[in-house]
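Reviewing the structure listed below.
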Amino acid sequence: MGRFKNKVLAKLLTRFPALLDRFIDKTASVKVSGVPWTPVTKPLKDSVVALITTAGVHLKSQKPFDMLDKAGDPSYREIPSATPRSEYMITHDYYDHADADSDLNIVFPIERLREMAESGEIKGLARNNYSFMGHIDGRHIATLMEKTAPEVAGLLRRESVDVALLTPG
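Right, here's the structure in full:
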């Protein structure tokens with residue numbers, strides 16, 4: 604029953620944004636110090652780009668994100684850039700992803716980045732991209748901030764990624 608309720612709630616909040624505003628106003632925010640930002644220092648045509656999404660995208664062969672834990676799932680999925688379109692799916696109950704199911708590029712613009720690499724607008728795509736589930740709350744916030752997000756940052760660094768494009772779900 605919980606997953607059904609989440610999906611209905613996601614559809615309602617999509618259709619009635621004022622309800623979402625009221626929910627957000629009652630939600631405690633996470634305080635961080637400093638700005639987690641690094642400016643782009645070289646032209647995009649000379650940059651390797653990676654995609655990072657919070658849309659719950661993963662490969663059909665990978666374990667889906669945990670939709671039963673009300674605090675979310677702070678884990679991530681590694682998604683190779685060479686993955687064929689037919690191998691992607693979305694597991695995320697906290698937003699209406701019907702449109703993204705029709706065109707994954709709405710939340711995970713992998714095909715657009717491939718086109719940009721082919722045309723020389725970017726140097727290339729990272730070998731791997733990363734996906735998170737965007738609904739993280741309570742006890743999982745620390746795991747995300749202290750463990751999984753830094754792990755992904757380290758993987759991107761090791762792969763010599765110049766730019767990470769972040770997309771929400």
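Heads up: the sequence shown begins at 604 in my numbering, then just goes up one per residue.
In this text, a Cβ means the ideal position worked out from N, Cα and C, and glycines have one as well.
Contact between the segment 690-710 and the segment 723-732: three or more CB pairs below 8 Å? Using a C-beta cut-off of 8 Å, the segment 690-710 makes no contact with the segment 723-732, since fewer than three inter-stretch Cβ pairs fall below that distance.
Opening and closing residue of the alpha helix (DSSP H) in which Thr746 lies: Looking at the DSSP string, the run of the alpha helix (DSSP H) that includes Thr746 is His743 to Thr746.
Go ahead and label Phe607 buried or exposed: buried means 16 or more other beta carbons lie within 10 angstroms of its beta carbon, across all protein chains shown. Here Phe607 is exposed, its C-beta having fewer than 16 other C-beta atoms within 10 Å.
Tell me, which residues are paired with Leu769 by DSSP? Answer is Ile655.
With a threshold of 8 Å, are at least 3 pairs of Cβ atoms found where one atom belongs to the segment 631-643 and the other to the segment 658-667? Touching, no.
Please report how far the alpha carbon of Ser689 lies from the alpha carbon of Arg680, in whole angstroms. Here the C-alpha atom of Ser689 lies approximately 17 Å from the C-alpha atom of Arg680.
Using C-beta distances below 8 Å, list every residue in its chain close to Lys648, excluding the 5 sequence neighbours before and after it, in chain order. Only residues of its own chain outside the window of five on either side were considered, and among them Gly723, Glu724, Ile725 and Lys726 have a CB closer than 8 Å to the CB of Lys648, listed in chain order.
List, from N- to C-terminal side, the beta strand (DSSP E) runs of 3 residues or more that fit wholly inside the segment 656-725. You should have 660-662, 679-683 and 691-693.
State the beta-bridge partners of Phe735 as determined by DSSP. By DSSP's assignment, Phe735 forms a beta bridge with Tyr679.
Give the DSSP bridge partners of Leu728, in chain order. DSSP, once it has assigned bridges, lists Val652 as partnering Leu728.
Let me check understanding here. Comparing Cα to Cα, which of Asp765, Ala658 and Ile744 lies closest to Thr644? Ranking Asp765, Ala658 and Ile744 by CA distance to the CA of Thr644 puts Asp765 first.
Per the contact definition of three or more C-beta pairs closer than 8 Å, is the segment 740-749 in contact with the segment 669-686? Three or more pairs of CB atoms, one per stretch, sit closer than 8 Å, so the segment 669-686 contacts the segment 740-749.
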